[in-house]
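These notes are about the structure you will find just below.
Listed below in structure tokens is the structure:
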């Protein structure tokens, strides 16, 4: 696997590997090719975990890891990476994941949300993927969108969402969200309610000019490369019938239809929905 340490984090960086019975084989390589192995990790047999702290500030870039089970039987293995801001004046990108409810009765759809910010400013154009894991069976993967369609009320507000309809079993489900900007497209969204700029004022009959409004370039809005993972609270689903899922969901309503006159033609544009709410291809 791979985790990306970006320019906003790097202090107090920890790699934590958890296991059930026996510590797995661990290899970790930093962006400069320095290799860490299991002997560099501090193992705790009580908590069933191995921990490595990176001294100073962790190298910016991709950290690649390989974890192999050394048992002849299966065991659950996990890895968690934590890192703090390298500059107290530059907040890191944060992710908050949650569902619209902690309990649901099939066939009512649910909504997955992920809020991506840097400080109080929304981060847009990121790749946001939700992994929903039932207690039994294969996980469900959804790409969350911030396009103003379906359950997403406002476009480009840093709140990514998607309907969840592919329930497979009854019981408890877990939620994990991964956010990435591996193609350098993620950027900050300027606040919509910025205060009106006043170029000057009158004082005792004299006109005094305020400093010019600072220009914001596209380069200033780029977030750069990063990756984040966040876990949401679990939820319970009931009344899922046995057998293959049925086609019971209608396409979601179109909410952003725009008509423009181009020469002697009316051009319609809208955000396409799906066959099942915002899933699949509408017909």
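Residue numbers (the numbering used here): 31 to 313. From the three backbone atoms N, C-alpha and C, an ideal C-beta is built for every residue, glycine too.
Residue from the options whose Cα sits closest to the Cα of residue i
i: residue 160; options: 72, 207, 86; result: 207
i: residue 34; options: 204, 142, 162, 258; result: 258
i: residue 56; options: 90, 36, 263, 100; result: 100
i: residue 41; options: 172, 114, 152, 210; result: 114
i: residue 180; options: 252, 38, 282, 117; result: 282
i: residue 120; options: 110, 280, 151, 205; result: 151
i: residue 31; options: 43, 108, 39, 52; result: 108
i: residue 286; options: 218, 185, 47; result: 185
i: residue 274; options: 199, 220, 131, 296; result: 199
i: residue 155; options: 216, 75, 255; result: 216
i: residue 61; options: 48, 296, 87, 240; result: 87
i: residue 105; options: 77, 52, 83, 70; result: 52
i: residue 77; options: 235, 83, 48; result: 48
i: residue 37; options: 84, 90, 73; result: 90
i: residue 128; options: 260, 153, 256; result: 260
i: residue 175; options: 46, 111, 301; result: 301
i: residue 210; options: 153, 203, 201; result: 153
Element boundaries [beta strand (DSSP E), containing residue i]
i: residue 73; result: 72-74
i: residue 33; result: 32-35
i: residue 149; result: That residue, residue 149, is in no beta strand (DSSP E); it is neither H nor E in DSSP.
i: residue 292; result: 288-292
i: residue 57; result: 55-59
i: residue 164; result: 157-164
i: residue 198; result: Residue 198 -> no beta strand (DSSP E), and no H or E assigned at all.
i: residue 219; result: First-last for residue 219: undefined, no H or E at that position.
i: residue 174; result: 170-174
i: residue 135; result: 133-135
Under the three-state DSSP convention, the category residue i falls into
i: residue 69; result: helix
i: residue 255; result: coil
i: residue 193; result: strand
i: residue 91; result: strand
i: residue 240; result: coil
i: residue 52; result: coil
i: residue 105; result: coil
i: residue 116; result: coil
i: residue 184; result: coil
i: residue 275; result: coil
i: residue 283; result: coil
i: residue 209; result: strand
i: residue 179; result: coil
i: residue 321; result: Because the chain here runs from 31 to 313, residue 321 falls outside it and cannot be looked at.
i: residue 77; result: coil
i: residue 96; result: strand
Residue i - partner residues in DSSP beta bridges
i: residue 299; result: 288
i: residue 127; result: 144
i: residue 235; result: Looking at the DSSP assignment, residue 235 forms no beta bridge with any residue, so it has no partner.
i: residue 43; result: 84
i: residue 110; result: 46
i: residue 63; result: Note: residue 63 sits in no beta bridge, so no partner.
i: residue 270; result: Per DSSP, none; premise fails for residue 270.
i: residue 167; result: For residue 167, which the question treats as bridged, DSSP gives no partner whatsoever.
i: residue 261; result: 206
i: residue 38; result: DSSP lists no partner for residue 38.
Closer than 9 angstroms to chain D by CB, residue i
i: residue 266; result: Structure shown: chain D not included; a single protein chain is present.
Proximity test, residue i beta-carbon vs the ligand NAD heavy atom, cut-off 8 angstroms
i: residue 59; result: Summarising the ligand content, the structure contains no ligands, and the ligand NAD is consequently not present.
Exercise. Okay, do the stretch 126-146 and the stretch 255-269 touch, 3+ Cβ pairs below 8 angstroms being the bar?
Worked result: yes
Exercise. Should the stretch 186-205 be regarded as contacting the stretch 144-155, the criterion being three or more beta carbon pairs within less than 8 angstroms?
Worked result: yes
Exercise. Using 8 angstroms as the Cβ pair cut-off and three pairs as the minimum, do the stretch 103-119 and the stretch 163-179 touch?
Worked result: no
Exercise. Within the chosen definition, does the stretch 152-170 reach the stretch 227-236 through at least 3 CB pairs nearer than 8 angstroms?
Worked result: no
Exercise. If we count Cβ pairs, one from each stretch, closer than 8 angstroms, do we get three or more for the stretch 125-138 versus the stretch 61-68?
Worked result: no
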